[in-house]
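Numbering (mature numbering (1 follows the signal peptide of the UniProt record, and there is no 0)), first residue to last: -16 to -1, 1 to 191.
Pasting the structure below:
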């Protein structure tokens, strides 16, 4: 073994030993990271109590289609909304998967999305999830039309992406259009993090 070969081998071993480990809370690995819309089959899974895809007459493939039309309107903004709206990349999710879940919420229309004293899972697709968040922990829970939750999810997708493409990541929250007590949170699936619990209270709001 030449001195150069030995040096390169030693450098490789040293570099591998000093690479930072991933968070024990479960930041997803590259093998778990979803790619663009056309990367492969990912199943859109409705949250507990939410309408099934079959009942809506739609498939996961259709929800991932680039031809799917998002009819959402711009969510109204206010000082309160800004306080509840924030972007983060602590537990980012695939933007493409988040879009598919958003498309599912659009399909549910006037169905009521509810959240108990904490949060509820509205939809999961691959590494991404959309949660309904009882932001103020109100007794009796909070609810909103799922189509309004879709508008809030669209705001996060449009404003909280790490880059413009569908292969990028996204994480953030925004209140439902007509009920600011119901906050929609888009992030990495709790199952992938290996923890129980929903979104953490943001340390700062987006201005």
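Each residue gets a CB set at the ideal place from its N, CA and C atoms; glycine is no exception.
Note that this is a predicted model, so its numbers are computed, not measured.
Which residues does DSSP pair with residue 117 in a beta bridge?
DSSP, once it has assigned bridges, lists 103 and 167 as partnering residue 117.
Could you give the DSSP three-state label for residue 172: helix, strand or coil?
Strand.
What is the C-beta distance between residue 131 and residue 116, in whole angstroms, given that I count them as a contact (C-beta under 8 angstroms)?
Actually they are not in contact, since the Cβ atoms of residue 131 and residue 116 sit about 13 angstroms apart, beyond 8 angstroms.
Kindly give me the distance between the Cβ atoms of residue 134 and residue 90, rounded to whole angstroms, as I take these residues to be in contact under 8 angstroms.
At roughly 5 angstroms, the Cβ-Cβ gap stays under 8 angstroms, so residue 134 and residue 90 are in contact.
Just verifying my parser: in three-state terms, what is the DSSP assignment at residue 238?
Because residue 238 is not part of the residues shown, which for the chain are -16 to 191, the question remains open.
So the candidates are 80, 73 and 144; which of them puts its Cα closest to the Cα of residue 27?
That would be 80, whose Cα lies nearest to the Cα of residue 27.
Which partner residues of residue 75 appear in the DSSP bridge assignment?
Answer is none; residue 75 lacks a bridge partner.
Are residue 127 and residue 166 closer than 8 angstroms when you measure CB to CB?
Residue 166 is positioned such that its CB atom lies closer than 8 angstroms to that of residue 127.
Top-ranked residue by Cα proximity to residue 46, from 168, 86 and 33:
The candidate whose alpha carbon is nearest that of residue 46 is 86.
Put residue 146 into one of helix, strand or coil per three-state DSSP.
Coil.
C-alpha distance - residue 43 paired with residue 37, whole-angstrom precision:
The straight-line gap from Cα to Cα measures roughly 6 angstroms.
Suppose you measure from the CA of residue 29 to the CA of residue 143; what does that come to, to the nearest Å?
Taken atom to atom, the span from the alpha-carbon of residue 29 to that of residue 143 is near 24 angstroms.
Which word fits residue 76, buried or exposed, when buried means at least 16 other C-beta atoms lie within 10 angstroms of its C-beta?
Counting Cβ neighbours within 10 Å, residue 76 comes out buried, since at least 16 surround it.
Alpha carbon to alpha carbon, what distance is there between residue 123 and residue 192?
Here the chain comprises residues numbered -16 to 191, so residue 192 is not present and cannot be evaluated.
Local Cβ density within 10 Å of residue 153, reported as buried at 16 or more and exposed below that
Around the CB of residue 153, 16 or more other CB atoms lie within 10 Å, so the residue is classed as buried.
Does DSSP put residue 160 in a helix, in a strand, or in coil?
The answer is strand: DSSP assigns residue 160 an E or B state.
Just mark residue 147 as buried or exposed, buried being the case when its beta carbon has 16 or more other beta carbons within 10 Å.
Answer is exposed; the Cβ neighbour count stays below 16.
Close Cβ partners of residue 35 (< 7 angstroms) along its chain, the five nearest in sequence each way excluded
Closer than 7 angstroms at the Cβ level, and outside the excluded window around residue 35, lie 92 and 95.
Secondary structure, beta strand (DSSP E): runs of 3+ residues fully inside the stretch 22 to 54
Entirely contained in the stretch 22 to 54, the beta strand (DSSP E) runs reaching 3 residues are, in chain order, 28 to 30.
Close-in-space but distant-in-sequence residues of the same chain around residue 169 (CB under 6 angstroms, 5 per side omitted)
If we look at residue 169 and ignore the five residues flanking it on each side, its Cβ neighbours are 115, 117, 157 and 183.
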